[in-house]
Amino acid sequence: MNLEMVERVKALCAKNPAYETMLREVIKADEIHPDPGFEFKDLQSVQGGHIAAMVTQGIIFKSYESNQYTHFRLAVPHEELESILDDIELTRLESERTNLLCTQAQTQSQLTPALILEFEALVKTEPDLLL
């Protein structure tokens, strides 16, 4: 696996997480249209600027260009790009899980049994505070 390509794809997806979905769509389009390649119109969620960014990063390249048509191809094998995207998704999911666990731990640590007992005692002695 080309480490430079991995870094390019990760940087692009870090810049805009929507690229992950777009690149998966590009993989499907490239599989459907192997020769001479897929066209911009074959992609639903991708805009021209996104295509330009992918070309600039070397993820896709122009395989054919005329006055009427421009076809693109993936610069890396489908399996390699799919593997990179799976790693990015796994890293993102692990990060979200860690953040969720930290948030839960912070919430739980704030409501200690001693604090709850203190609150209950305060409510019993000063019921007007709840109004």
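Numbers 97 to 227, taken from the working numbering, label the letters of the sequence shown in order. C-beta atoms are modelled at their ideal positions from N, C-alpha and C, and glycine is treated no differently.
Residue environment, residue i, which counts as buried when at least 16 other CB atoms sit within 10 Å
i	result
ALA114	exposed
LEU189	exposed
ALA125	buried
Three-state secondary structure (DSSP) of residue i
i	result
TYR246	Given that the chain is displayed from residue 97 to residue 227, the structure contains no residue 246 and the question cannot be resolved.
SER179	helix
THR166	strand
SER141	coil
GLU185	helix
ILE123	helix
ILE155	coil
Whole-angstrom C-beta distance between residue j and residue i, which should lie under 8 Å
i	j	result
LEU177	LEU119	6 Å
Residue i CB to nearest heavy atom of the ligand FMN below 7 Å
i	result
GLN153	As far as ligands go, the structure on display features none, and thus does not contain the ligand FMN.
Every unbroken alpha helix (DSSP H) within the region 192-224, with a cutoff of 4 residues, ordered by chain:
Counting whole runs of 4 or more residues, the region 192-224 contains the alpha helix (DSSP H) stretches 209-221.
So, do the region 125-134 and the region 160-170 have three or more beta carbon pairs nearer to each other than 8 Å?
Yes: the two stretches touch, three or more of their Cβ pairs being nearer than 8 Å.
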